[in-house]
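Remarks on the structure that follows.
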Amino acid sequence: MAEIVIMGAGLAGTIMAYEMKDQMRPEDNLTVVTKDPIYHFVPSNPWVAVGWRSRQAVEVDLAPTFARRGINFKPVPVAKVDPLANRIELEDGASVPYDYLIIATGPELAFDEIEGLGPHGGFTQSICHVEHALTASVSFEEFCKNPKPIITGAVQGASCYGPAYEYTFILDTELRRRKIRDKVQMTFVTSEPYVGHLGLDGVGDTKGLLESEMREHHIKWMTNTRIKKVEAGKLIAEEVADDGSVKATHEMPFGFSMMLPAFRGIKPLRGIEGLVNPRGFVLVDNHQQNPTYKNVFSVGVCVAIPPVGPTPVPCGVPKTGFMIESMVTATAHNVGQLLRGKQPTHQGTWNAICLADFGDSGIAFAAQPQIPPRNVNWSSSGKWVHAAKIGFEKYFLRKMRKGTSEPFYETAALNMLGIGKLKQVTQDPK
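Heads up, the sequence shown is in the working numbering, so the first residue is 1485 and it goes up one at a time.
Written as structure tokens, this is what we have:
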């Protein structure tokens, strides 16, 4: 009998639990440890942040589903990971031993790295968590009573750019619906070297598509930009030249701002030599296995991935849903092999599929593999993306509530690159 422990129950951790349950032996025990007993569907947060979704609509109570699947559940934060002793210690004083540990915690949001950033005592909003999105929704409602300039984007070191673009265009859509778009100047500020870089050096024609959409929607942009600090109603940004020097400094007034932060590994992981890199992200090989601690695996946003290449302002690599799903499947099969006395042989495909909703249209892209050079490098735009994102949300929440592990992203990739079944029309998210 083996004790298998999964740290985290977000997108990666929850589907990891379902797939691991399918691959383990009947006599093995599976335990999920997480700080939050409720799963929330992060891709819906831009909708929550403008009031198009309620919190309840995008959440799943994991305890009943895990119980039905025979998965032990401990909704208690982790205080310490001890890979030498093969155990994790919880904040309630309990200790959880393991034979195999799968780290799927997601990131810690590094708001504190920039003065004045973020909703916790800062002056900008976030859509990284449902709580942040709800706070942003309240702030946006107040903003609409007295419209002023809006600044959105992603700061230096960020590694998740798609939601910043989504929320920018969703704001534009909502402002138009409220008949106040003409009163609001919108600016997109990003650490990317060009619009549509996405931390991936672009996919297909994301540069051209996104620049065109921004021009059409009268959204200005600033790239190669480092945020120096944020004050009440003012963002201080430095435009950086290709050689790394500061080209210009701007003091930009705003009435509402959403800036995605940089990510880092969670505190219980940081500083463990051989397990994580200096930012606290977990080191893994091609089998999602840590090179130092062979009974430790990791999946999702907490995995260490080097950037695609040097940029004037630091840009991280996103861990998209398709990539995470492939990591999870490989890990479940690899741990299953180890449980049966075999060596791990499975590798994640690390492909990318993204549906970026713009409120009434959107952009989709597929990258296989995610990091160039690629075998598939495709992007497209249209109202069908908006419809597909709604379908994706409904499917994925149903999957989480049922506790099933069928792969969505692979099906989506085949549809988008083949006959385009995802172009079916569904109801409007509002």
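The C-beta atom is built at its ideal place from N, Cα and C for all residues, glycine as well.
With distances taken Cα to Cα, identify the nearest neighbour of residue i among the options.
i	options	result
Gly1728	Ala1721, Thr1795 and Leu1693	Thr1795
Gln1821	Gly1764, Gly1793, Ile1572 and Gln1773	Gln1773
Thr1888	Pro1633, Glu1487 and Leu1495	Leu1495
Asp1506	Ile1555, Gly1784 and His1830	Ile1555
Arg1509	Val1819, Gly1866, Glu1543 and Phe1876	Val1819
Pro1828	Cys1612, Ile1703 and Asp1769	Asp1769
Ala1533	Ile1750, Arg1662, Ile1490 and Glu1615	Glu1615
Val1766	His1817, Cys1644 and Val1565	Val1565
Phe1672	Thr1657, Asp1666 and Pro1633	Pro1633
Ile1847	Gly1692, Ile1789 and Lys1712	Gly1692
Asn1630	Thr1589, Thr1619 and Asp1666	Asp1666
Lys1712	Leu1682, Met1670, Ile1598 and Gln1540	Ile1598
Tyr1582	Ala1721, Ser1528 and Lys1778	Lys1778
Gly1497	Asp1512, Met1485, Glu1487 and His1524	His1524
Ser1741	Phe1627, Cys1786, Val1869 and Glu1575	Phe1627
Arg1553	Pro1775, Gly1800 and Leu1514	Leu1514
Gln1831	Glu1877, Phe1781 and Asn1570	Phe1781
Ile1874	Phe1842, Ser1864, Ser1863 and His1817	Phe1842
Arg1858	Val1560, Glu1877 and Thr1833	Thr1833
Glu1650	Thr1619, Leu1682 and Val1622	Leu1682
Where does residue i fall in DSSP's three states?
i	result
Tyr1582	coil
Gly1605	coil
Asp1506	helix
Ala1563	strand
Gln1852	strand
Thr1804	coil
Asn1570	coil
Gly1554	coil
Thr1709	strand
Met1491	strand
Val1860	strand
Ala1486	coil
Val1819	helix
Gly1688	coil
Ile1837	strand
Ser1610	coil
Ile1598	coil
Val1714	strand
From residue i to residue j, what distance separates their C-alpha atoms?
i	j	result
Pro1591	Thr1636	21 angstroms
Ala1850	His1734	35 angstroms
Glu1573	Met1500	21 angstroms
Asp1689	Met1491	37 angstroms
Thr1518	Arg1882	21 angstroms
Tyr1584	Glu1757	18 angstroms
Cys1838	Lys1826	35 angstroms
Tyr1879	Ser1538	17 angstroms
Tyr1678	Arg1699	14 angstroms
Ala1617	His1702	24 angstroms
Val1526	Asn1835	19 angstroms
Met1884	Met1504	14 angstroms
Pro1853	Thr1804	12 angstroms
Gly1755	Pro1762	7 angstroms
Pro1737	Thr1707	18 angstroms
Leu1593	Ser1528	18 angstroms
Trp1705	Ala1716	21 angstroms
Pro1530	Asp1545	21 angstroms
Ala1732	Arg1661	35 angstroms
Asp1576	Lys1558	11 angstroms
Ser1696	Glu1658	20 angstroms
Phe1747	Lys1663	36 angstroms
Pro1521	Pro1561	10 angstroms
Between which residues of its own chain and residue i is the CB-CB distance below 8 angstroms, once the five residues before and five after are set aside?
i	result
Glu1625	Gly1535
Lys1886	Thr1549
Leu1744	Ser1610, Ile1611, Cys1612, Gly1637, Ala1638, Val1639, Ala1642, Cys1644, Tyr1645, Pro1647 and Ala1648
Asn1570	Pro1581, Tyr1582, Asp1583, Leu1585 and Asn1779
Spatial neighbours of residue i within its chain, please: CB distance less than 6 angstroms, with the 5 preceding and 5 following residues excluded, ordered by chain position.
i	result
Gln1640	Ser1675, Arg1710, Val1797 and Pro1798
Tyr1502	Gly1887 and Ser1889
Gly1680	Gly1686, Thr1690, Lys1691 and Leu1694
Ala1541	none
Once the 5 residues before and after residue i are set aside, which same chain residues still bring their CB inside 7 angstroms of it?
i	result
Gly1606	Phe1595, Gly1600 and Val1714
Val1909	With a pLDDT of only 31 at Val1909, under the threshold of 50, the placement of this residue in the model should not be trusted, and no figure is reported.
Gly1866	Ser1845
Leu1823	Ala1486, Met1508, Arg1509 and Asp1512
His1604	Phe1595
Val1783	Ala1496, Met1500, Ile1586, Ala1588, Gln1772, Ile1808, Met1811, Val1812 and Thr1815
Gln1669	Pro1633
Pro1567	Ile1756, Leu1759, Tyr1777 and Val1780
Chain B beta carbons: is any one of them nearer than 9 angstroms to that of residue i?
i	result
Met1508	Absence of chain B from the displayed structure is noted, only one protein chain being present.
Flag residue i as yes when its Cβ comes closer than 8 angstroms to any non-hydrogen atom of the ligand MG, and as no otherwise.
i	result
Glu1597	Absence of the ligand MG is noted for the structure shown, with no ligands found whatsoever.
Those runs of the beta strand (DSSP E) which lie wholly inside the region 1618-1683 and span at least 3 residues: 1634-1638 and 1670-1674
Ordered list of beta strand (DSSP E) runs contained in the region 1719-1794, each at least 3 residues: 1730-1737, 1740-1744 and 1780-1782
Which runs of the beta strand (DSSP E), 3 residues or longer, sit entirely within the region 1514-1542? 1522-1524
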